[in-house]
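Colleague: Would you mind keeping the following structure in view while I ask a few things?
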Amino acid sequence: MPVSNAQFQNRRARWTLLTAAALLTGAVAGCGGSGSAPMLYMNLKVASITQNGGCEDVNVKVIPVSIAPGAPQLSNKAEFLTPVKLAKGADGVSCVGEATTRPMAPGKWKFLVALPSDTATCEHDVAAGGVMEVNFKDGETACK
Numbered sequence: 009m010p011v012s013n014a015q016f017q018n019r020r021a022r023w024t025l026l027t028a029a030a031l032l033t034g035a036v037a038g039c040g041g042s043g044s045a046p047m048l049y050m051n052l053k054v055a056s057i058t059q060n061g062g063c064e065d066v067n068v069k070v071i072p073v074s075i076a077p078g079a080p081q082l083s084n085k086a087e088f089l090t091p092v093k094l095a096k097g098a099d100g101v102s103c104v105g106e107a108t109t110r111p112m113a114p115g116k117w118k119f120l121v122a123l124p125s126d127t128a129t130c131e132h133d134v135a136a137g138g139v140m141e142v143n144f145k146d147g148e149t150a151c152k
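In my numbering, the protein residues as written are 9 to 152.
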């Protein structure tokens with residue numbers, strides 16, 4: 009039985025709509041549901057001193073050492089920089105600031121920041137339920 013042009017166009021439109029709905033449903037399901045791992049962020053705090061009367065912003069370099077399996081799809085698994093804007097403290101000599109990283113994959117990560125006295129560095133385990141903060145203090149080569 010021949011199909012008219014109008015019937016063909018109607019079937020084609022329904023097929024296109026069903027295909028788009030199926031793709032959208034699959035994409036939304038792939039973005040994480042109730043069983044997906046939470047996104048992990050680190051809070052970075054920096055305490056420094058003024059340089060020539062002002063505070064210079066710093067970048068914290070974040071480097072993966074070993075990534076745990078099963079990381080959320082949208083979490084970062086590569087090296088990146090997190091800028092930290094520093095502002096003068098109440099004493100007029102100290103500079104303080106904090107920032108939050110991009111979403112990170114669980115595992116061991118290395119954190120580095122160049123401060124006026126020296127470069128501070130440490131390794132930290134990033135895991136759900138763990139300590140999600142790294143503190144840098146000028147004059148100390150390690151972070152906490």
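Backbone N, C-alpha and C fix where the C-beta goes; we use that ideal spot for every residue, glycine too.
Taking DSSP as the reference, what is the three-state secondary structure of Lys152?
Modeller: Note: Lys152 maps to coil in three-state DSSP.
Colleague: Within 10 angstroms of its Cβ, does Ser56 collect 16 or more other Cβ (buried), or is it exposed?
Modeller: Under this definition Ser56 is a buried residue.
Colleague: List in chain order: all unbroken alpha helix (DSSP H) runs of 4+ residues lying wholly within the region 104–130.
Modeller: Qualifying alpha helix (DSSP H) stretches: none in this window.
Colleague: Pull up the DSSP beta-bridge partners for Gln59, would you.
Modeller: For Gln59, which the question treats as bridged, DSSP gives the partners Gly62.
Colleague: Near His132, what residues of its chain come up, given a Cβ to Cβ distance below 7 Å and the 5 sequence neighbours on each side ignored?
Modeller: Same-chain partners within the cutoff: Trp117, Phe119, Val142.
Colleague: What whole-angstrom Cβ distance do Ser83 and Met140 have, given they're in contact under 8 Å?
Modeller: Ser83 to Met140, Cβ: 13 Å. No contact.
Colleague: With a Cβ-Cβ cutoff of 8 Å, do Cys63 and Ala113 count as a contact?
Modeller: No, Cβ-Cβ distance for Cys63 and Ala113 is not below 8 Å.
Colleague: Return the residue from the list Val101, Asn60, Lys93 that minimises the CA-CA distance to Val68.
Modeller: Ranking the options by Cα distance to Val68, first place goes to Lys93.
Colleague: Alpha carbon to alpha carbon, how far is Tyr49 from Thr109? Give it in angstroms, no decimals.
Modeller: So the alpha carbons of these two residues sit roughly 6 Å apart.
Colleague: Starting from Glu141, follow its DSSP beta bridges and name the residues at the other end.
Modeller: According to DSSP, which records beta bridges pairwise, Glu141 is partnered with Asn51.
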